[in-house]
Amino acid sequence: MTVQMRPRVKYVIGPDGSPLTIADLPPANTKRWVIRRKAEVVAAVRGGLLSLEEACERYTLSVDEFLNWQAAIDKHGLAGLRTTWIQHYREG
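Those letters in the sequence shown? Residues 5 to 96, by our numbering.
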């Protein structure tokens, strides 16, 4: 049985509307996750620049952590990624 791989895209549209390539993504050793960096990783996975597994391995994230970022964006936009507002958004 042959497993078909999806062709890798060269760029996706980032959260600010500009093209985002692998080179534009946060460094693999990122420790401080600001809203923009989280949003870039979510955009990269959604657009096919990275797979979920690649993103989690590259950034030492759990799948659950990444999915929480994605859900926060879906529900509250970029503001949902603010760590100081996490309790506020979880209650609503």
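For each residue, glycine too, the CB sits at the ideal point set by N, CA and C.
Checklist entry - Roughly how far, in whole angstroms, is the beta-carbon of Leu29 from the beta-carbon of Val46, given that I think they are within contact range, below 8 Å? => result Start at 1 with the first residue of the sequence shown, and residue 29 comes out as number 25. Start at 1 with the first residue of the sequence shown, and residue 46 comes out as number 42. Between Val46 and Leu29 the Cβ distance is about 11 Å, and since that is not below 8 Å, they are no contact.
Checklist entry - Rounded C-beta distance between Ala43 and Ile77? I'm assuming under 8 Å. => result Residue 43 sits at position 39 when you count from the first residue of the sequence shown. Residue 77 sits at position 73 when you count from the first residue of the sequence shown. At roughly 7 Å, the Cβ-Cβ gap stays under 8 Å, so Ala43 and Ile77 are in contact.
Checklist entry - What first and last residue would you give for the alpha helix (DSSP H) that runs through Gly51? => result Taking the sequence shown and counting its residues from 1, the one referred to as residue 51 is at position 47. Its alpha helix (DSSP H) spans residues 39-51.
Next on the checklist: Give me, in chain order, the residues of the same chain whose beta-carbon lies closer than 7 Å to that of Arg86; leave out the 5 immediate sequence neighbours on both sides.
Outcome noted: Working through the sequence shown from its first residue, we reach residue 86 at position 82. Same-chain partners within the cutoff: Ile39.
Item to check | 8 Å CB neighbourhood of Ala59 in its chain, flanking five on each side removed | outcome: On the sequence shown, position 55 is the one that residue 59 refers to. Answer for Ala59: Val45, Ala48, Val49, Leu65, Phe70, listed in chain order.
Item to check | Collapsed DSSP secondary structure at Val16 in the structure displayed | outcome: By one-based count along the sequence shown, residue 16 stands at place 12. DSSP places Val16 in strand when its eight states are reduced to three.
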